[in-house]
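Student: Can you read through this structure? Questions will come right after.
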Amino acid sequence: MAELRTEEEQIQAIKNWWKNNGSSLLIGIGAALAIVFGWQAWQKNQAEQRSAAAAEFASLLNAYSDPAAEGRADTVGYVADQLRSEFGDSAYAVYGSLMQAQVQLSEQDDAEGAIESLQWAHEHANDQKALELVIRSRLARAQMANGDLDAALATVRGAVEPGSFKGLLAELEGDILLAQGDRDGAAAAYLIAREESLGNRNGVLNLKLADLGIGEGS
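Just so we're aligned: the sequence shown equals residues 2 to 219 in our numbering.
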């Protein structure tokens, strides 16, 4: 009887523990399962979002790559807008804006639209240094095309640690200064660009310098 009472007491103790702790344990298990399956659902959703963004970008790339396609500019603009509105945190949206800006400048003569597209891309470059500098240089050119020379100069000079882009930005600065009538400033910028170009742009830069009365040996 002593053994039975002991066993009964053990069972009752378990029952009492379950009564006191069972609900919180179930909640804990439920929370753990919710976290696991919630995480899996989130991962699945993210994968679906990436796939959808990639599909949108593929259609944009197809349109952009075919200059002869009917309605090309409209298609590029529409899909780029969709990428920004639906997948604004993705690199696809940034590259889509770059493509849209190129079409706006070259085919639609819409410098203001290109500036808006490039400003959006610049704000969403997410600290990707090389990409930020590419966008910055294109934004400055769009601002030049729109006659915003002061804004273009500020954009170029706003680059921090341009690295391998130093020559490109210096040449662009020279173009802007020349457009502003500052021949001496333009010449100084072209000389820096030639020094930084590693020979890649020397021919063009020498011609620009020659137009300003500066020979190759300067």
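Here a beta-carbon is modelled for each residue, glycine too, at the ideal position from N, C-alpha and C.
Looking only at its own chain, which residues have a Cβ that is under 8 Å from the Cβ of residue 123, when we skip the five neighbours before and after it?
Tutor: So the list reads 133, 136, 137, 140, once near-sequence residues are dropped.
Student: Do you know offhand how far residue 147's Cα is from residue 112's?
Tutor: Computed Cα separation, rounded: 5 Å.
Student: Taking the beta carbon of residue 176 as the centre, do at least 16 other beta carbons fall within 10 Å, making it buried, or is it exposed?
Tutor: Residue 176 comes out buried.
Student: What residue does the alpha helix (DSSP H) around residue 158 start on, and which one ends it?
Tutor: 150 to 158 is the extent of the alpha helix (DSSP H) around residue 158.
Student: Pick helix, strand or coil for residue 120, following the three-state DSSP scheme.
Tutor: Correct three-state label for residue 120: helix.
Student: Are the CB atoms of residue 101 and residue 82 nearer to each other than 9 Å?
Tutor: Yes, Cβ-Cβ distance for residue 101 and residue 82 is below 9 Å.
Student: Using only alpha-carbon positions, find the residue among 162, 183, 164, 126 that is nearest to residue 154.
Tutor: With distances taken between Cα atoms, residue 154 lies closest to 183.
Student: Return the residue from the list 214, 186, 170 that minimises the CA-CA distance to residue 202.
Tutor: Looking at the Cα atoms, 170 is the closest of the given residues.
Student: Beta carbon of residue 164, beta carbon of residue 198: below 9 Å?
Tutor: Not a contact, by the Cβ cut-off of 9 Å.
Student: Report the residue from 131, 157, 69, 85 whose alpha carbon sits nearest the alpha carbon of residue 57.
Tutor: Answer by Cα proximity: 85.
Student: Tell me which residue opens and which closes the alpha helix (DSSP H) that residue 127 is part of.
Tutor: Careful: residue 127 lies outside any alpha helix (DSSP H) and carries neither H nor E.
Student: With DSSP run on the structure shown, which of helix, strand or coil describes residue 109?
Tutor: The answer is coil: DSSP assigns residue 109 none of H, G, I, E or B.
Student: Tell me whether residue 199 sits in a helix, a strand or coil according to DSSP, three-state version.
Tutor: The answer is coil: DSSP assigns residue 199 none of H, G, I, E or B.
Student: Can you list, in chain order, the residues of its chain with a C-beta nearer than 8 Å to that of residue 156? Leave out the 5 residues immediately preceding and following it.
Tutor: Answer for residue 156: 137, 140, 141, 144, listed in chain order.
Student: Tell me which residues share the same chain as residue 179 and place their Cβ nearer than 6 Å to its Cβ, disregarding the 5 neighbours each side in the sequence.
Tutor: Hits under 6 Å: 187.
Student: Going by DSSP, what residue range makes up the alpha helix (DSSP H) through residue 86?
Tutor: Looking at the DSSP string, the run of the alpha helix (DSSP H) that includes residue 86 is 73 to 87.
Student: With C-beta atoms as the reference, is residue 80 less than 9 Å away from residue 106?
Tutor: Result no, Cβ atoms of residue 80 and residue 106 do not sit closer than 9 Å.
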